[in-house]
Amino acid sequence: MRLIGESGEQLGIVSSREALAIAEESGLDLVKISPNAVPPVCKVMNYGKFLFEQNKKAKEAKKNQKVVEIKEVWLSMTIDVGDLNVKAKQTQKFLAAGNKVKVSIRMRGRQMAHSELGLEVMNKFYEIIKDFGEMEKRPLTEGRNIWMMIAPTKA
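And the structure:
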């Protein structure tokens, strides 16, 4: 196996017994870095400290991650201009916070026969908020629902 010393220097290709003896002599552990390489690469190090550093890096990476939430706004096919503007304002707040927004319409009763009116409402709604978000998925009709997905515009 190829052996790397404590400070990162190459100690050459040695047998596993020799590598273990070198590690025990220095009071450290022998850790396989790359077991699939030919020959396998091992390093003499303090394994506890190595695990601590790995966990610390993982926590740091997780802390810097931003979770994108999906907010949902419900409209109706018979919504009036004032109500549409109120919903648009709320959607603008969601998009400004960096969240995606799912806009939905539930069709009831005879509205199923006029789903094109629902698509019209969706398009009007998007025209109001298009400066704040971009349409990720165009309005889709699935059963009784019409929905579209809007993502915040990249600054």
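Take the sequence shown: its position 105, counting from 1, is numbered 1311 in this note's numbering, and each next residue is one higher. Glycine included, every Cβ here is placed at the ideal spot set by N, Cα and C. Small disclaimer: the values here were computed from a predicted structure and weren't measured.
According to the DSSP assignment, K1306 belongs to the beta strand (DSSP E) that extends over 1306 to 1312. The three-state secondary structure of Q1260, taken from DSSP, is helix. In the displayed model, I1285 falls within coil according to three-state DSSP, outside both helix and strand.
By alpha-carbon distance to K1306, the top candidate from L1236, K1265, K1343, A1243 is K1343.
About 5 Å separates the beta carbons of F1338 and L1301, which is inside the 8 Å limit, making them a contact pair. The alpha-carbon separation between R1350 and K1265 amounts to approximately 44 Å. With the rule of 3 Cβ pairs closer than 8 Å, the region 1283 to 1297 does not count as touching the region 1237 to 1246. Judged by their CB atoms, M1354 and M1328 are nearer to each other than the 8 Å cut-off.
DSSP, reduced to helix, strand and coil, places Q1216 within a strand of the structure shown. Residues D1235, V1237 of the same chain have their beta carbon placed closer than 6 Å to that of Y1253, with the five preceding and five following residues left out of the count.
Around the beta carbon of V1273, fewer than 16 other beta carbons sit within 10 angstroms, so the residue counts as exposed. In terms of CA proximity to M1341, A1357 leads the group E1326, I1334, A1357. Take I1352, set aside five residues on each side of it, and the residues of its chain with a beta-carbon closer than 8 Å to its own are S1310, I1311, M1313, S1321, G1324, L1325, M1328, P1345, L1346, in chain order.
Counting the other Cβ atoms within 10 Å of the Cβ of A1303 gives fewer than 16, which makes it exposed.
Residue burial is scored here from C-beta neighbours: L1281 has at least 16 other C-beta atoms within 10 angstroms and is therefore classed as buried.
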